[in-house]
Amino acid sequence: MTDRSRGAAPPLVGVLAVHGAVSEHVDAVRAVGGDPRRVGSVVELDAVQAVVIPGGESTTIRLAAGEDLLAALARRVRDGLPALGTCAGLIALADHIAGGEEPIVGGLDVTVERNGYGRQVASFEAPLEYAPGWDGDPEPDGVFIRAPRITHVGDGVDVVARCRGDIVAVRRGDIVGTAYHPELTGDRRLHAWIVGRARAYHPGTHA
Ligand code: GLN
Numbered sequence: 048m049t050d051r052s053r054g055a056a057p058p059l060v061g062v063l064a065v066h067g068a069v070s071e072h073v074d075a076v077r078a079v080g081g082d083p084r085r086v087g088s089v090v091e092l093d094a095v096q097a098v099v100i101p102g103g104e105s106t107t108i109r110l111a112a113g114e115d116l117l118a119a120l121a122r123r124v125r126d127g128l129p130a131l132g133t134c135a136g137l138i139a140l141a142d143h144i145a146g147g148e149e150p151i152v153g154g155l156d157v158t159v160e161r162n163g164y165g166r167q168v169a170s171f172e173a174p175l176e177y178a179p180g181w182d183g184d185p186e187p188d189g190v191f192i193r194a195p196r197i198t199h200v201g202d203g204v205d206v207v208a209r210c211r212g213d214i215v216a217v218r219r220g221d222i223v224g225t226a227y228h229p230e231l232t233g234d235r236r237l238h239a240w241i242v243g244r245a246r247a248y249h250p251g252t253h254a
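Reading the sequence shown from the start, the letters are residues 48 to 254 in our numbering.
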């Protein structure tokens, strides 16, 4: 038996690098065996096998990325590029933003309410409960910073984690979004997941 993945180059995992907590995600991807690449253009996006959209301010992500890169992201995510979005990154991946804002990238059939835990001193840490299959050690707290609240989850979207009963992380296929910031704690299971999906990813245009 041969293991064709043994000795293979680490998968290229893009981190959208137009705004927000970029370097923490770069470090987390590297820590679990991925080759992180900062993505600020369509050409850089074309080269990667998965993408992470960091937290920050979703309005700034929308403006800083610009229409061409957002359109390319939307197309690649729709075509199966594995994607992980945290906090503002979850907002970017949501199909519905409460209040009528246009989707930023989309792909996840959820509704999010921006700053849904309050607007002022609305940052907190609280224990996460992951769904079976997402076990890891240690069981970390979630760090929520002016986080979006997931107010509706569509058919075919699975719950990845809850916090105090609320759904705070979701998955549909190869897209995961979290309302909290795993890159700010020792919680590496979501980065391990995206690196694994990047390794398995083969664009449809390739034989
Ligand atoms: N409140 C921010 C927004 O609405 C998200 C905050 C974060 O990413 N930490 O875009």
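For each residue, glycine too, the CB sits at the ideal point set by N, CA and C.
Do you know how far the Cα of residue 148 is from the Cα of residue 246?
34 Å
Sheet register partners of residue 59 (DSSP bridge)
82
Residue 74 versus 122, 85 and 66, residue with shortest Cα-Cα distance
85
Segments of 3+ residues assigned as beta strand (DSSP E) that fall wholly inside the region 193-232:
196-200, 205-210, 213-219 and 222-225
If you compare alpha carbons, which of 127, 66, 140 and 78 is closest to residue 112?
66
Please return the same chain residues whose Cβ sits closer than 8 Å to the Cβ of residue 196, not counting the five positions on each side in sequence.
159, 160, 163, 164, 213 and 226
Which of the three DSSP states, helix, strand or coil, is assigned to residue 143?
strand
Suppose contacts are defined by Cβ-Cβ distances below 8 Å. Is residue 105 in contact with residue 68 by that definition?
no
Less than 8 Å between the beta carbons of residue 183 and residue 236, yes or no?
yes
Beta-carbon proximity list for residue 190, same chain, < 7 Å, skipping 5 on both sides
172, 227, 228, 231 and 232
Return the chain-ordered ranges of every beta strand (DSSP E) run that is complete within the region 148-184 and spans a minimum of 3 residues.
155-160 and 170-174
Near residue 57, what residues of its chain come up, given a Cβ to Cβ distance below 6 Å and the 5 sequence neighbours on each side ignored?
80, 81 and 82
Is residue 135 near the ligand GLN, judged by its Cβ being under 7 Å from some heavy atom?
yes
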